[in-house]
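All remarks here apply to the structure that follows.
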Amino acid sequence: MSQFVDPDQVTLQSANSGTLYPLSNHLSYNSFSPNQKAYLAAITSLDEPKTFTQAVKSEHWQEAMRKEITALEQNETWTLERLPLGKRAIDSKWVYKIKYNQDGMLVTVRVLLAVASIKHWELHQLDVNNSFLQGDLHEEVYMKIPQGFLTKNEHRVCKLHKSLYGLKQASRNWFEKLTNSLQAAGFKQSYADYSLFTPTKGKSFVAVLIYVNDIIIIGNDSTKIKALKQYLHTKFSIKDLGPLKYVLGIEVARTSEGIVLSQRKYALDILTETGMIGAKPSLFPMEQHHSLAIASSPPASDPSQYRRLVGRLLYLTITRPDLSYLIGILSQFMQEPKQEHFDAAMRVLRYVKSSPDWAGCPATRRSTTGFFICLGNSLVSWKSKKQVTVSRSSAEAEYRAMAATASELSWLKTLLCDLQVSHSKPMTLYCDNRAALHIANNPVFHERTKHIEIDCHFVRERIQRKDILTAHISSQEQPADIFTKALGRDRFLHLLCKLGIRDLHSPT
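For the sequence shown, numbering that gives the first Met the number 0 begins at 0 and goes up steadily by one.
In structure tokens:
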């Protein structure tokens with residue numbers, strides 16, 4: 000997994016000069032093509048202003064703001080009027096974002112990329128300009144004039160006629176309009192994910208995944224992909240971004256071995272913000288016998304800084320399943336974080352630079368559900384989540400996890416069907432608890448499981464329908480343990496290899 004910037008391409012003198020652990024000791028970009036190196040360097044060197052005062056100092060952002068206002072006026076988004084008595088104008092605010100097409104549905108995107116890699120399908124990305132301005136506004140809304148753009152008409156406000164970013168109706172109106180356009184072109188919404196559209200007929204296959212104004216196109220027919228782009232151009236103002244390179248804040252690189260996903264830029268931003276670029280790396284993120292749940296250290300000096308850090312690390316788990324359990328633990332202390340919790344979060348950052356544990360939480364005695372699902376050799380779905388109820392035994396905790404996994408498998412099978420990927424054989428569900436496996440495969444009443452009968456019925460039904468097949472795996476070889484507990488260094492690294500996570504930037 001990628002975590003850092005290429006020191007040969009981007010200058011970070013303040014971060015590297017004089018440090019004992021420079022980035023150059025932990026990086027190598029030999030795995031990437033020249034075009035991919037250039038792209039990664041380009042997105043790393045761009046900064047986003049936080050305020051209008053910062054943005055107005057840059058000609059680039061001044062021009063961007065002028066273009067945005069022009070687009071709003073050409074679209075007749077508003078008219079300048081006096082504010083009627085009894086009405087209140089809502090505030091407006093500039094938000095600055097460098098667009099890389101970085102939103103979407105997490106698991107669906109990973110499945111989509113895995114299928115594209117296996118079948119060698121094309122991947123393209125589009126961006127809809129001013130998408131929220133497409134929908135008509137039926138409510139009466141007044142807005143203050145945007146900062147920096149004055150008008151000769153004093154005491155005037157903007158009366159909105161079209162949806163605008165930030166209005167609660169905007170996303171719904173836009174999605175409805177785009178959905179109608181795609182359905183008119185012969186696409187249908189997936190039952191597994193309403194943001195996925197697949198063809199209703201035809202031998203070739205082209206699918207569309209949308210999130211707000213970001214569009215990913217996947218398919219095996221170049222002619223139909225081109226025709227779809229042309230059709231969308233007739234309906235909306237579309238920017239064709241070419242082959243998929245950046246989605247969900249993830250860099251996407253296609254190699255001879257498959258598709259590589261990395262959050263290198265995002266991780267670098269966190270390290271830069273926290274001043275940890277030159278920190279000594281840690282080989283594993285958390286001690287096995289930690290006591291964070293009963294920490295007695297003084298409160299953290301700045302709780303908001305801790306909350307922001309954990310929130311940003313949470314987004315990093317999109318491509319870092321090895322962080323899922325750890326960030327889940329740290330997120331339990333957002334209310335009143337202690338210094339010990341903050342130190343643990345900083346250790347996770349140092350790591351970023353370089354069977355369920357029954358009643359594993361001393362504070363609540365709740366177990367943690369942990370699972371992961373692979374499509375071929377690609378890790379596409381995983382979870383690390385504290386169970387909502389207290390389990391009376393390790394078998395019960397394991398069984399609840401089996402039910403959660405079976406539910407995810409059923410959903411994935413529906414999604415794959417929409418992508419025209421057939422899966423006639425049962426999906427194998429591995430579990431390291433023989434008692435839980437016995438409960439699943441023996442449809443008889445158990446006194447000790449009567450309070451989890453709903454989960455029992457669900458799992459047994461999937462087994463009887465031959466949707467899933469259960470199998471035992473040794474506890475020492477169970478990779479899902481990385482999602483349920485803190486592990487010692489050797490076992491953590493051993494299981495990490497089994498997940499298929501690779502450090503593409505390792506110099507060795």
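No residue lacks a Cβ here, since even glycine has one placed at the ideal position from N, Cα and C.
Taking just the CA atoms, how far does residue j sit from residue i?
i    : j    : result
G147 : S91  : 11 angstroms
G248 : H437 : 43 angstroms
S170 : S377 : 32 angstroms
E250 : L111 : 15 angstroms
Q287 : A485 : 5 angstroms
K66  : E72  : 10 angstroms
P6   : D342 : Here the model assigns P6 a pLDDT of 29, short of 50, so the residue's position is not dependable, and the following value carries that caveat. So the two alpha carbons sit approximately 27 angstroms from each other.
K352 : T318 : 15 angstroms
D268 : R81  : 44 angstroms
N432 : N212 : 45 angstroms
G369 : L408 : 14 angstroms
A479 : V347 : 19 angstroms
R490 : Y398 : 24 angstroms
L136 : G274 : 45 angstroms
Q262 : T316 : 9 angstroms
E62  : Q338 : 44 angstroms
L495 : C157 : 55 angstroms
H119 : L79  : 52 angstroms
Y305 : S57  : 31 angstroms
A294 : S393 : 25 angstroms
Y99  : A403 : Because Y99 sits at a pLDDT of 40, beneath the cut-off of 50, its placement in the model cannot be relied upon, and the following sentence gives the value as read from the coordinates. The straight-line gap from Cα to Cα measures roughly 33 angstroms.
R461 : L313 : 32 angstroms
With DSSP collapsed to three states, give me the class of residue i.
i    : result
F332 : helix
G369 : strand
T316 : coil
F457 : helix
F491 : helix
P302 : helix
S44  : Because S44 carries a pLDDT of 46, less than 50, the predicted location of this residue cannot be relied on, and the following value inherits that uncertainty. Three-state result, S44: coil.
S326 : Sequence inspection shows Ile at residue 326; the Ser mentioned does not correspond to that position. Residue state, collapsed to three classes: helix.
D431 : coil
L163 : coil
E138 : coil
D466 : coil
D102 : At D102 the pLDDT is 38, less than 50, meaning the model places this residue with poor confidence; the figure from the coordinates comes in the next sentence. Reduced to three states, the DSSP call for D102 is coil.
A206 : strand
Q146 : coil
V309 : helix
D192 : coil
E476 : helix
Let's see if you can read the secondary structure: which residues bound the alpha helix (DSSP H) around residue i?
i    : result
M64  : 58 to 73
E256 : Note, E256: premise wrong, no alpha helix (DSSP H); not H, not E.
Q182 : 169 to 183
M401 : 393 to 417
K352 : 338 to 352
R87  : Per DSSP, R87 belongs to no alpha helix (DSSP H) and is neither H nor E.
H232 : 221 to 234
R109 : 105 to 118
T483 : Counting along the chain, T483 falls outside any alpha helix (DSSP H), and DSSP gives it neither H nor E.
A54  : 51 to 54
Just reading off the beta strand (DSSP E) that residue i is part of, what are its end residues?
i    : result
A266 : Careful: A266 lies outside any beta strand (DSSP E), inside the alpha helix (DSSP H) at 263 to 273.
S383 : 377 to 385
T197 : 195 to 198
P242 : 237 to 242
K424 : Run containing K424: none; DSSP gives neither H nor E here.
E121 : 121 to 127
G218 : 213 to 218
Assign residue i to one of two classes, buried (16 or more other C-beta atoms within 10 Å of its C-beta) or exposed (fewer than that).
i    : result
T469 : buried
G487 : exposed
A115 : buried
K264 : buried
H456 : exposed
L270 : buried
Q477 : buried
E395 : buried
Given a cut-off of 9 angstroms on the beta-carbon distance, is the pair residue i and residue j in contact?
i    : j    : result
C373 : A400 : no
I209 : F174 : yes
L159 : M142 : yes
L291 : L329 : yes
D508 : A206 : Residue 508 lies beyond the stretch modelled for the chain, which goes from 0 to 507, so this question has no answer here.
K161 : T76  : yes
K238 : V127 : yes
F482 : Y324 : yes
Q463 : K385 : no
A299 : P336 : yes
D220 : F196 : no
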